[in-house]
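Enquirer: Mapped onto my numbering, the consecutive letters of the sequence shown carry residue numbers 1 to 139.
Below are the structure tokens for one structure; questions will follow.
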Amino acid sequence: PQGSGWYRQDTKEWLEGGQTAKLDAPISWQPVLIREGSIVPMDKGIRKEGSFDTVEVYAGCDGSFTWYQDNGLDYTYENGEYAKIPMEWKDGESVLILGAAEGSYAYPETILCRCFRRDGSVCEKEVRYTGKETRVTLE
């Protein structure tokens, strides 16, 4: 859409919104575009349990995301056996806020935070997360 920028997932190249872009789409790769302001938790491994060890932020505007995990098997989440972490990106300050964790389920203790910018630069910082609100400056 007009007024929004987009990043290619594979190259992190920034594209202006409101235009038609022609992208290669070989059978082995599906092109994916990520809207600026997005917060995307990632896992460097190939686990299927929904955990993450990396948070990617795509600069260009403010954004928010809430990560949620439980065991996926039963109703123990009703007794607090889940983890929920709100995340907020403040673009003007270049700050990622990892909010206070909710629930009693395990959450990641070490998180690599990465910020991709329109000019192609990348900033990353590894932080120790204790379940309390943590502000991460990514300049």
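Cβ atoms here follow ideal geometry from the backbone N, Cα and C, with glycine treated the same way.
Suppose you measure from the CA of G63 to the CA of I97; what does that come to, to the nearest Å?
Expert: Going by the C-alpha atoms only, they are around 11 Å apart.
Enquirer: In the DSSP assignment, what residue or residues form a beta bridge with I27?
Expert: Answer is none; I27 lacks a bridge partner.
Enquirer: Can you check whether the CB of E102 is closer than 9 Å to the CB of T130?
Expert: Not closer than 9 Å, so no.
Enquirer: Should L23 be labelled buried (16 or more other beta-carbon atoms within 10 Å of its own) or exposed?
Expert: With fewer than 16 other Cβ atoms within 10 Å, it is exposed.
Enquirer: On the DSSP bridge assignment, give the partners of R35 in chain order.
Expert: Answer is W6, bridged to R35.
Enquirer: Between which two residues does the beta strand (DSSP E) holding G123 run?
Expert: Before going further, note that residue 123 is Cys rather than Gly in the sequence given. Residues V122 to R128.
Enquirer: I need the DSSP call for G92, collapsed to helix, strand or coil.
Expert: Three-state result, G92: helix.
Enquirer: Can you look up E13 in the DSSP assignment and give me helix, strand or coil?
Expert: It is coil, neither helix nor strand.
Enquirer: In this structure, does DSSP put K56 in helix, strand or coil?
Expert: The displayed chain sequence assigns Glu, not Lys, to residue 56. Residue state, collapsed to three classes: strand.
Enquirer: Quick one: Cα of G72 to Cα of D43, how far?
Expert: Using only the alpha carbons, I get a separation of about 18 Å.
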